[in-house]
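Colleague: So the sequence shown is residues 767 to 1078, counted in this note's numbering. Questions regarding the structure given below will be posed in turn.
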Amino acid sequence: MNELNHSMVSEFVFLGISNSWAIELGLLVFASIFYVAAMLGNFFIVLTVSSDSHLHSPMYFLLANLSIIDLCLSTVAVPKMISDLFYEHKTISFQGCITEIFFIHFTGGTEMVLLISMAFDRYIAICKPLHYLTIMNPKMCVFLQLFSWTIGLIHSLTQLAFVVNLPFCGPNEIDSFYCDLPRFIKLACMDNYKLEFIVTANSGFISIGSMFLLFISYIYILVTVQKHSLNGLSKALSTLSAHISVVVLFFGPCIFFYVWPFPTMPVDKFLAIIDFIITPILNPSIYTLRNKDMKAAMRRLSGQLVSFKKIL
């Protein structure tokens, strides 16, 4: 990381979401409410799954891990964005920008693989119910968790390996509210067409590949359920449609950022808001509030917390 000191640029300036005071004020209120809700919702899910023995199963283990990743992903950029809305001059250090890029790709890549793991869990539960506990044993659950984090880490480190030694001599303005590779690379003082293509291929491949695998698994589950019961098909459609909505909202912006040839349109800022703010609150809503066991466990935990508060 000593090479970072060779750059003439010591900090980057964010141009933010909009120049309109009214829009930024509305965004401040919106982002603050949704961020707090996402934090509380995902934290409550992790607490509920870890404290309730009825939820000590593979599905809820993976769900708790998804909530942890959502907590991390949202925290990477949203608090900085909220604090920057109070200032006209929005800056981030060179090292801070590199760090933000690392954690965005680390948590984002991890979530993509974890969503595939959760689809695999549902496939085993629906298509091979008699072998579910044998296949989805504790070792398999830990393996899926570690595999997700490992792939996310490899993906992020691979991306940084291409850009960490780039020379930056100015300008230093990033037309966004967070650091990410497309605009970061464009500020480098060198011909970066080939590098843009490599980074696009890396992030684009993991995004499209993960989304393709998810849709294939959902289709296979629906086909399998249809063979056994039409009533089961309608129930599976109801469940998977909600999951597909989350997948589209999460992967859609990622594909737009990295497969579309390095967009510079203002719309990509608002698509980023979906990934950082909207998706982390949709995951706990869709994966838990539609689940009877999870709702029952949350009520039990709420009752225990209220009783504990009364004792104090």
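Every residue gets a Cβ at the ideal spot worked out from N, C-alpha and C, and that includes glycine.
Could you give the uninterrupted runs of the alpha helix (DSSP H) lying entirely in the stretch 940 to 1014, keeping only those of 4 residues or more?
Modeller: 947 to 952, 959 to 994
Colleague: Does the stretch 897 to 908 come close enough to the stretch 871 to 881 to have 3 or more Cβ pairs within less than 8 Å?
Modeller: no
Colleague: Looking at the structure shown, is Phe-780 part of a helix, part of a strand, or coil, going by DSSP?
Modeller: strand
Colleague: Taking C-beta to C-beta, are Ser-973 and Cys-1020 nearer than 7 Å?
Modeller: yes
Colleague: Give every residue of the same chain whose Cβ lies closer than 7 Å to the Cβ of Val-842, excluding the five residues on either side of it in the sequence, and list them in chain order.
Modeller: Taken in chain order, the residues that qualify are Glu-866, Phe-869, Ile-870, Thr-873.
Colleague: With burial defined as no fewer than 16 other Cβ atoms inside 10 Å of the residue's Cβ, what is the status of Asn-808: buried or exposed?
Modeller: Classification for Asn-808: buried.
Colleague: Among Leu-961, Asp-850, Leu-896, which residue has its Cα nearest to the Cα of Val-930?
Modeller: The residue with the shortest Cα to Cα distance from Val-930 is Leu-961.
Colleague: Can you tell me whether DSSP reads Lys-1035 as helix, strand or coil?
Modeller: helix
Colleague: Assuming Ile-858 is part of the beta strand (DSSP E), what are its boundary residues?
Modeller: 856 to 859
Colleague: DSSP three-state call for Gly-875: helix, strand or coil?
Modeller: In the structure shown, Gly-875 sits in a helix (DSSP, three-state: H, G or I).
Colleague: May I have the straight-line CA-CA distance separating Phe-978 from Pro-845, to the nearest angstrom?
Modeller: 32 Å
Colleague: What span of residues does the alpha helix (DSSP H) with Asn-938 cover, start to end?
Modeller: Here Asn-938 belongs to no alpha helix (DSSP H), and DSSP marks it neither H nor E.
Colleague: Quick one: residues in its chain with C-beta nearer than 6 Å to the C-beta of Tyr-826, no 5 flanking neighbours on either side, listed in chain order?
Modeller: Val-815
Colleague: Output yes or no for whether 7 Å exceeds the beta carbon distance between Lys-1035 and Ser-942.
Modeller: yes
Colleague: Can you give the Cα-Cα distance for Asn-771 and Asp-887, rounded to whole angstroms?
Modeller: Model confidence at Asn-771 stands at a pLDDT of 44, short of 50, so the residue's coordinates are unreliable and nothing is read from them.
Colleague: Contact between the stretch 1006 to 1018 and the stretch 775 to 787: three or more CB pairs below 8 Å?
Modeller: By the criterion of at least three beta-carbon pairs nearer than 8 Å, the stretch 1006 to 1018 is not in contact with the stretch 775 to 787.
Colleague: Pick out whichever of Lys-894, Ala-885, Ile-848 has its Cα sitting closest to the Cα of Val-802.
Modeller: That would be Ile-848, whose Cα lies nearest to the Cα of Val-802.
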